[in-house]
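Enquirer:
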Amino acid sequence: MTYNNQTILSSEFEKIVLKFGKIIIKNRKKILNQFDLSFTQFEILTAIFDSSNKGEDLIQIRLSDITLIDAMTVSTVLRCLQKKGLVKRERDEINTRILKITLSEQGELIYNQIICELEKVRINFHKGFDKILLLKLRLKLEQSLSKYYFI
């Protein structure tokens, strides 16, 4: 099998993106440990926060779709987050089979503290990068991602 320059470039780019991803996840886990949260718990908190900011009601199956986490895991994580006092699950007034999911006041407070800590790391991590170049790269990656990931 022969490799052309494009294949090699794509392969090297993929390796760098994966390394960046690993470093980002490692830093994120380090911060989350300070708040006694797992990466999965934070993903779910983020999805709840984002939906709330958009004014969207969120139910468990939609949360599973957004995060790409199976429904059983989402259920287990939500129960844990509820015990920690970070999320609320309330019955819908019209369809009582539906549980709407929101962050509690404590959940919002903790989430915002985590975001502040992550932002400090992010600023350091991206120092020296051209902002326009980062924006262009983000847009290209989002376009590519949209071919494989539908919500």
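Using the UniProt record's numbering, the letters of the sequence shown map in sequence onto residues 1 to 151. Where is the CB? At the ideal position from N, CA and C, for every residue including glycine. None of these values were measured; they are calculated from a predicted model.
Please specify which runs of the alpha helix (DSSP H), each continuous and at least 4 residues long, are wholly inside the UniProt domain "HTH marR-type" (6–150), giving them in chain order.
Expert: List check, alpha helix (DSSP H) in window: 39–53, 60–67, 71–83, 105–126, 131–146.
Enquirer: Does the structure place the stretch 70–82 close enough to the stretch 127–140 that three or more beta carbon pairs sit under 8 Å?
Expert: no
Enquirer: Return yes when the Cβ of Arg91 is within less than 7 Å of the Cβ of Ile101, no when it is not.
Expert: no
Enquirer: Taking 6 Å as the cut-off, is the CB of Ile115 close to at least one heavy atom of the ligand ZN?
Expert: Judged by which ligands are present, the structure shown has none, so any question about the ligand ZN falls away.
Enquirer: From Thr46 to Ile16, what does the alpha carbon distance come to, in whole angstroms?
Expert: Rounded to whole angstroms, Thr46 and Ile16 show a C-alpha spacing of 25 Å.
Enquirer: Measure from the C-beta of Leu145 to each C-beta in chain E and report whether the shortest distance is under 7 Å.
Expert: The chain inventory of the structure shown lacks chain E, comprising one protein chain alone.
Enquirer: Do you know how far the Cα of Phe35 is from the Cα of Glu117?
Expert: Taking the straight line from one Cα to the other gives about 11 Å.
Enquirer: For Glu56 and Phe129, I'd like the C-alpha separation in whole angstroms.
Expert: So the two alpha carbons sit approximately 34 Å from each other.
Enquirer: What do you reckon, are the CB atoms on Glu93 and Thr67 nearer than 7 Å?
Expert: no
Enquirer: Between Val87, Ile110, Leu109, which lies nearest to Leu99 when the distance is taken from Cα to Cα?
Expert: Val87
Enquirer: If you draw a straight line from the alpha carbon of Glu12 to that of Ser52, how long is it in whole angstroms?
Expert: The alpha-carbon atoms of Glu12 and Ser52 are separated by roughly 38 Å.
Enquirer: Excluding the five sequence neighbours on either side, which residues of its own chain have a C-beta within less than 7 Å of the C-beta of Leu58, listed in chain order?
Expert: Ile48, Ser51, Lys100, Ile101
Enquirer: Assign Gln41 to buried or exposed, taking buried as 16 or more other Cβ atoms, counted over all protein chains shown, within 10 Å of its Cβ.
Expert: buried
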